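Heads up, the thing below is written out as structure tokens.
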Amino acid sequence: MHQVKPYTDEEVQAIIARVRSRLGGTPDRVPIHPHIPVEIPDADLGEGLYPTIDDAVDAAEQAQLKYEGAGTDVREAVIASIRRVMLDNAEHLAKMAHEETGLGRTEDKLRKNILVATRTPGPEDLAPLIETGDGGMMLTEHAPFGLIGSITPTTNPTATVINNTIAILSGGNAVVFNVHPNAKRVSAENVRLLNRAVIAAGGPPDLVTAIPDPTIESAQALMHHPKVRVLLVTGGPGVVREALKTDKRAITAGPGNPPAVVDETADIERAGRDIVAGASFDNNVICTDEKTGIAVRSIADELIRAMARHGAHVLKEHELRKVERVIFETMGPPGKPGIINRAWIGKNAAEIAAAAGVDVDGDPRLLLADVPNDHNLVWTEQMMPVFPITRVGDVDAAIDLAIRSEHRFRHTASIHSTNVATITRMARSINVSIFIANGPNYAGLGRGGEGFTSFSIASPTGDGMTRPLTFTRERRIAVVGALRII
């Protein structure tokens, strides 16, 4: 199983000294925890920020040429430095993201920042393939594309920028960001910090660039820029469609409506705890978060009680009607998605309840609604901590409803069951990029589970969880009749 290579402080310092010497500098040690100023004016330029997309692209292009020629030690030093600086500033960026966007919970944004800084794969992901035989030797290596254009969302602004940067730079590329306008200040801060981390490790400035005032027009300019080789788009369906219309390779993250199935064999207390933890994580703004619960009827009441014990407020029917009027702009036909009131995306459950005139105790993690199968909430990617749970006769009906309500986005799904055959059947039939059994959905992102993390899950284009390999192209050399030593 893939593991991110750990670095000790001493190893990082040794790499940095070696890189600086190679680039003509001095091998003097840098502070293990350098002071990095973080307060910046909103629209200041410099440190990776440029007034136009053309300027940002040109600067990143020149930086990438230097970076590609500097060798593997540079990459290792740069990525190690980025991890450290992002960890040092994880709380600051989380607070800033919450203050600017108004979405999610600061403590969960901090957890996301730590996750991507530590569990995004680095250059170790690019192991070469060597084959030898009577005919000689073949070597396959992973070369950079050059310049990657990345468009990022307001829901996970810092986690996506950090994750994308580590993966893209690990592949030897540079990246130009067009971030969501509603997260432009924290994203500018992030770009500055990333540039400081790169330079502190002996890398070239401007491997990471952006503009301080992104717009739809600047996103179009980036997507169609002739110097940009590959597009990475983590956003809504509109920008994904635009990216797929270009003549470039487009790696696009699409929508999801992840169902969580619970059958009669499950550990119900654990399932209730894990679903509340997953569905409420950062107020449900992550596309992989549980969006719908589908419970076998015989254990549904027990599951609801377990979820209430773990922080969910169970809505009465008249309370649900009030909440519906707040969170939906339009209720759709039965068995179809409704139109969510975007003003309530990512808000705390208590805020939504207060707006609806529903009394709750304290600060519940989740508002839980017991609804029929055809209720709009079952079919809608709500991205807020209002969670529907619906009942079915048996696990076969649960899996069938899960497939239909997921809309075949092939994004994420989960099941709570101790029946291995049932787990296998659902995993095969729902055919998603990320499938979780017996845990919160964020375990599929490497938090509380095994494996690496990604915050750009490219289900529409089949790339799945993006990683350094995603941003490279294979190059092969074959030596005929030689270089086999046995």
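2 is the number of the first residue of the sequence shown in my numbering; add one for each residue after it.
Even for Gly, the Cβ is constructed at its ideal location relative to N, Cα and C.
In this text, all values refer to a predicted model and were calculated from it rather than measured experimentally.
Mapping DSSP to helix, strand and coil, what is residue 488? Here the chain covers residues 2 to 487 and nothing more, so residue 488 does not appear.
CB contact flag (residue 489, residue 393, <8 Å): Residue 489 lies beyond the stretch modelled for the chain, which goes from 2 to 487, so this question has no answer here.
Would you kindly work out how many angstroms separate the C-alpha atoms of residue 444 and residue 279, rounded to a whole number? By 1-based counting over the sequence shown, the position of residue 444 is 443. By 1-based counting over the sequence shown, the position of residue 279 is 278. Residue 444 and residue 279: Cα-Cα distance of roughly 9 Å.
Which residue's Cα is closest to the Cα of residue 235: 134, 467, 478 and 483? Residue mapping note: residue 235 aligns to position 234 of the sequence shown, counting from 1. Closest option to residue 235, Cα to Cα, is 467.
In the structure shown, what three-state DSSP assignment does residue 399 receive? Counting from 1 along the sequence shown, the entry for residue 399 is found at position 398. Correct three-state label for residue 399: helix.
Among 179, 332, 208 and 303, which residue has its Cα nearest to the Cα of residue 215? Counting from 1 along the sequence shown, the entry for residue 215 is found at position 214. Checked all of 179, 332, 208 and 303; the closest Cα to residue 215 is 179.
Does the Cβ of residue 300 have 16 or more other Cβ atoms within 10 Å, making it buried, or fewer, making it exposed? By 1-based counting over the sequence shown, the position of residue 300 is 299. By the 10 Å Cβ count, residue 300 comes out buried.
According to DSSP, what are the bridge partners of residue 231? In the sequence shown, residue 231 corresponds to position 230, counting from 1. The partner list for residue 231 (beta bridge, DSSP) reads 149 and 250.
Contact between the stretch 262-273 and the stretch 462-480 is defined here as three or more beta-carbon pairs at a separation below 8 Å; is this criterion met? no
In whole angstroms, what separates the C-alpha of residue 210 from that of residue 302? Stepping through the sequence shown from its first residue, residue 210 is reached at position 209. Stepping through the sequence shown from its first residue, residue 302 is reached at position 301. Each residue's alpha carbon lies about 52 Å from the other.
Backbone CA spacing between residue 201 and residue 117 [nearest angstrom]: Position 200 of the sequence shown, counted from the start, is the residue given in the question as residue 201. Position 116 of the sequence shown, counted from the start, is the residue given in the question as residue 117. Cα to Cα, the separation comes out at about 20 Å.
Out of 55, 121, 181 and 146, which has the shortest C-alpha to C-alpha gap to residue 453? For the purposes of this step, residue 453 is taken as the residue at position 452 of the sequence shown. Checking every option, the nearest Cα to that of residue 453 belongs to 121.
Taking the beta strand (DSSP E) that residue 262 falls in, what are its first and last residues? On the sequence shown, residue 262 is found 261 positions in, with the first residue counted as 1. Element bounds for residue 262: 260-263.
Run the CB neighbour count on residue 407, radius 10 Å, all protein chains shown included, and call it buried at 16 or more, exposed below. Walking along the sequence shown from the start, residue 407 turns up at place 406. That one is buried.
CA-CA distance, residue 84 and residue 119? Here residue 84 refers to the residue found at position 83 of the sequence shown. Here residue 119 refers to the residue found at position 118 of the sequence shown. Approximately 7 Å between the Cα atoms of the pair.
For the stretch 220-236 against the stretch 73-92, do three or more pairs of beta-carbon atoms, one drawn from each stretch, fall closer than 8 Å, so that the two count as touching? no
Going by DSSP in three states, residue 37 sits in which element: helix, strand or coil? Your numbering for residue 37 matches position 36 in the sequence shown. Unreliable positioning characterises residue 37 in this predicted model, as indicated by a pLDDT of 36, which lies under 50. The coordinate reading is nonetheless provided below. Coil.
Residue interval of the alpha helix (DSSP H) (run including residue 48): The residue given as residue 48 occupies position 47 in the sequence shown. Unbroken run through residue 48: none, as it is neither H nor E.
Status (buried if at least 16 other CB within 10 Å, exposed otherwise) for residue 42: Start at 1 with the first residue of the sequence shown, and residue 42 comes out as number 41. In this prediction, residue 42 scores a pLDDT of 44, lower than 50, which makes its location untrustworthy; no coordinate-derived value is stated.
Going by DSSP, which residues form a beta bridge with residue 294? In the sequence shown, the residue the question calls residue 294 occupies position 293. Looking at the DSSP assignment, residue 294 forms a beta bridge with 261 and 390.
Under 8 Å: do the stretch 314-328 and the stretch 355-367 share three or more Cβ pairs, one atom per stretch? Yes: at least three Cβ pairs fall under 8 Å.
Should residue 100 be labelled buried (16 or more other beta-carbon atoms within 10 Å of its own) or exposed? For the purposes of this step, residue 100 is taken as the residue at position 99 of the sequence shown. The residue in question, residue 100, is exposed, as its Cβ has fewer than 16 Cβ neighbours within 10 Å.
Along the chain, where does the beta strand (DSSP E) that runs through residue 470 open and close? Counted from its first residue, the sequence shown places residue 470 at position 469. That residue, residue 470, is in no beta strand (DSSP E); it is neither H nor E in DSSP.
May I ask you to report which of helix, strand or coil DSSP gives residue 415? On the sequence shown, residue 415 is found 414 positions in, with the first residue counted as 1. In this structure, residue 415 counts as strand in the three-state DSSP scheme.
Using only CA atoms, which one of 233, 186, 238 and 259 lies nearest to residue 103? The sequence position of residue 103 within the sequence shown is 102, counting from 1. Comparing Cα positions, the closest option is 186.
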